[in-house]
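Peer 1:
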Amino acid sequence: SQKIEQNSEALNIQEGKTATLTCNYTNYSPAYLQWYRQDPGRGPVFLLLIRENEKEKRKERLKVTFDTTLKQSLFHITASQPADSATYLCALGSARQLTFGSGTQLTVLP
Amino acid sequence: GAGVSQSPSNKVTEKGKDVELRCDPISGHTALYWYRQRLGQGLEFLIYFQGNSAPDKSGLPSDRFSAERTGESVSTLTIQRTQQEDSAVYLCASSRGQGNGEKLFFGSGTQLSVL
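Residue numbers (my numbering), protein chains in the order written: chain A, 85 to 194; chain B, 2 to 116.
1. A/T183 versus chain B: which residues are under 7 Å apart at the beta carbon?
2. Answer with buried or exposed for B/D87, where buried requires no fewer than 16 other C-beta atoms within 10 angstroms of its C-beta.
3. For the beta strand (DSSP E) holding A/Q90, just list the boundary residues, first then last.
4. Expressed to the nearest angstrom, what Euclidean distance is found between the alpha-carbon atoms of B/R82 and B/K18?
5. From B/Q51 to B/T71, what distance separates their C-alpha atoms?
6. Using the C-alpha atoms, what's the distance from A/A175 back to A/K147?
7. Since A/K133 meets chain B, which of its residues come closer than 8 Å, beta carbon to beta carbon?
8. Identify whether A/A167 lies in helix, strand or coil by the three-state DSSP scheme.
9. Which residues of chain B have a Cβ atom closer than 9 Å to the Cβ of A/L95, listed in chain order?
10. Let me make sure I understand the geometry here. Which of B/A32, B/P62 and B/S109 has the alpha-carbon closest to that of B/E45?
11. B/D64 bridges to which residues according to DSSP?
12. Could you give the C-beta distance for B/S10 and B/Q112, rounded to a whole number, given that I count them as a contact under 8 Å?
13. Is B/L92 close to chain A, meaning its C-beta is less than 8 Å from at least one C-beta of that chain?
14. Grab me the residues of B/I48's own chain with a C-beta within less than 7 Å of its C-beta, minus the 5 sequence neighbours each way, in chain order.
15. Any heavy atom of the ligand ADP closer than 7 Å to the Cβ of B/G4?
16. For B/D25, which residues does DSSP report across the bridge?
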């Protein structure tokens, strides 16, 4: 069955460092992958999209990579700030469905 | 409105009662999704509507769950004979089109508590 795994533990990092979150998947061939941010009590907010034929995408301090051979996406936040603290969800997409991972809770310590 | 609106924001009900959750998508968005999120968990797909096509109901966990959508506007998710395991946040999202990377815009969800 399809399975999506994100960093199993909450991730704590020091302000100014680069946070790296992983999203691994099995038994799936997604056409694209998205990353969302979710704050407590709120719905997820879209951050980045990367398609299967793309290796890397950047947006301001965010960078995402997509390796379809390893079946893995890495999500980086450079120069992290306490305001980046949230849960980050990866989502794998195909024709009609978008399947979400369980998320990684990131805490950036001042 | 500017975003996806869900109501009520909180719902407390007794086991065995029926509940109805409402979602107002962004105007012009043809696709609408319902997800369930249990505490500390990821999003579990429930149902997907796209225009006038037959909905994808493959995620509905039991026949107690049903959803309707009026054209390309309001959707309601109904849970009959609620059980305690139905307690969760129910999230609605809409997007401009079908698949192919269209980003989803989420509402803030309905927190359902079944006592």
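All residues carry an ideal CB built from backbone N, CA and C; glycine is no exception. Since this is a predicted model, take the numbers as computed values, not measurements.
Peer 2: Reading from the atomic positions:
1. F46
2. Buried, because 16 or more other Cβ atoms sit within 10 Å of the Cβ of B/D87.
3. K87 to Q90
4. 5 Å
5. 11 Å
6. 16 Å
7. Note on residue identity: the sequence assigns Leu, not Lys, to residue 133 of chain A. In chain order: G102 and K104.
8. helix
9. Result: empty, since nearest Cβ-Cβ is about 15 Å, beyond 9 Å.
10. Checking every option, the nearest Cα to that of B/E45 belongs to B/P62.
11. Looking at the DSSP assignment, B/D64 forms no beta bridge with any residue, so it has no partner.
12. About 7 Å; that satisfies the 8 Å criterion.
13. yes
14. W35, P56, D57, K58, G60, L61 and A68
15. As far as ligands go, the structure on display features none, and thus does not contain the ligand ADP.
16. According to DSSP, residue pairing for B/D25 in a beta bridge involves B/S6.
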